[in-house]
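In short: position in the sequence shown from 1, add 78, done, that's the numbering used here. Ideal Cβ positions, reconstructed from N, Cα and C, are used throughout, including at glycine.
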Amino acid sequence: MTTQETTLTAGDAEVTVAPANGCRVSSLKIAGTELLRQGEKYGCFPMVPWCGRIRDGRFRDGGHTHQMPLNSPPHAIHGFARSAEWTTARVTDTEAVFTYDLTEPWPYPGRVTQIVSLTEDALTLTLGVETYGDSFPAQAGWHPWFNRRLGDSSVEIAFDAAWQEERGADHLPTGKRIDVQPQPWDDCFGMPDGVDVTLTWPGEIEVKVASREQWVVVYDEQEAAVCVEPQTGPPNGLNTAPRLVTPVEPIEASTTWSWRRLKDPAPQTQALSS
């Protein structure tokens with residue numbers, strides 16, 4: 079099993095993945111500029127087999143109630159994969175494939191696969207969740223921490239959501255859909271036509287976060303970073319909007335971050351002719 083970090087490059091883009099640290103994208107640099115907050119708990123980690131919080135760490139599957147560890151009391155949050163050691167399955171210059179086998183305390187055997195693909199102007203992350211046995215509810219998504227500031231520029235977040243999930247005092251959706259409220263956010267938004275969020279650092283770079291999925295959590299309550307989290311269902315979704323992984327239909331989700339630089343690269347010095 080390979081646990082070393084994997085770095086992919088395409089043009090002036092460079093992405094590094096740390097399979098031993100939850101298969102998180104630990105770095106994404108564009109022309110040498112780091113987009114992601116650095117640190118063991120940051121970067122961009124996969125959320126699986128659920129996204130966000132599970133109320134009281136419990137979810138039902140048919141007649142069975144399962145209790146997950148309360149890693150964010152009184153709830154369970156973000157799944158297990160972010161703190162697990164993944165296996166590196168395949169690496170090329172611009173693509174890498176990683177796998178993680180679901181184990182206890184998750185009650186169902188299965189496998190998660192993450193594919194990381196890089197081009198000169200986009201990064202695509204793909205998650206697949208498959209079962210080794212019975213069907214089970216699950217979710218998949220990503221939790222990136224984008225630096226709030228690049229150079230002298232502070233990020234601007236733009237999106238057009240159809241609704242916002244009303245958030246209760248316990249940070250979980252109440253089940254009521256409301257109009258989008260002003261910032262700050264630690265909220266889940268619905269985008270029936272797919273996630274489409276633009277992050278702009280004026281004068282530096284613009285990043286578009288897109289996904290076919292219709293749910294995104296936006297978090298901007300910290301000074302150092304903001305989060306835009308595409309996912310297959312809302313927080314507590316194992317209880318309120320379960321999506322089954324079956325032997326014939328795994329969960330497959332992807333997100334693509336595409337970018338364009340808003341400033342010209344530094345001109346190269348040319349030798350003067352005599």
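Looking only at ASP248, PRO260 and SER231, the smallest Cα-Cα distance to TRP241 is reached by PRO260. ASN225 carries a strand assignment under DSSP once its states are collapsed to helix, strand and coil. When DSSP states are grouped into helix, strand and coil, ASP139 belongs to the strand group.
In this chain, LEU316 is not harboured by any beta strand (DSSP E); it is covered by the alpha helix (DSSP H) spanning 315 to 318.
A direct Cα-to-Cα measurement between PRO251 and PHE176 gives close to 32 Å. Looking at SER195, ALA319, THR204 and VAL93, the one whose alpha-carbon comes closest to that of TRP293 is ALA319.
Secondary structure at ASP171: coil, using DSSP grouped into helix, strand and coil. DSSP places ALA288 in the uninterrupted beta strand (DSSP E) bounded by 283 to 289. Following the DSSP letters along the chain, one finds ASP257 in no beta strand (DSSP E), marked with neither H nor E.
Nearest to CYS305 by C-alpha distance, out of LEU196, ARG115, LEU228 and ILE283, is ARG115.
Closest in C-alpha terms to TYR178, from the list ASP171, GLU234, ARG160 and SER195, comes ARG160. ALA236 counts as exposed, since fewer than 16 other C-beta atoms from the protein chains shown sit within 10 angstroms of its C-beta. Straight-line measurement puts the Cα of THR333 at about 23 Å from the Cα of GLY110. Judged by DSSP secondary structure, PHE267 falls within the beta strand (DSSP E) whose first and last residues are 264 to 268.
Exposed is the label assigned to ALA302, since fewer than 16 other Cβ atoms lie within 10 Å of its Cβ. Contact check between the region 167 to 174 and the region 132 to 148: fewer than three CB pairs, one atom from each, fall below 8 Å, which does not count as touching. ASP139 and PRO215 have their C-alpha atoms some 7 Å from each other.
Here the C-alpha atom of THR204 lies approximately 12 Å from the C-alpha atom of GLU291. For LEU316, same chain residues with a beta-carbon under 7 Å away, outside a window of 5 residues either side, are TRP128, ILE132, PHE137, PRO215 and GLN217 in chain order.
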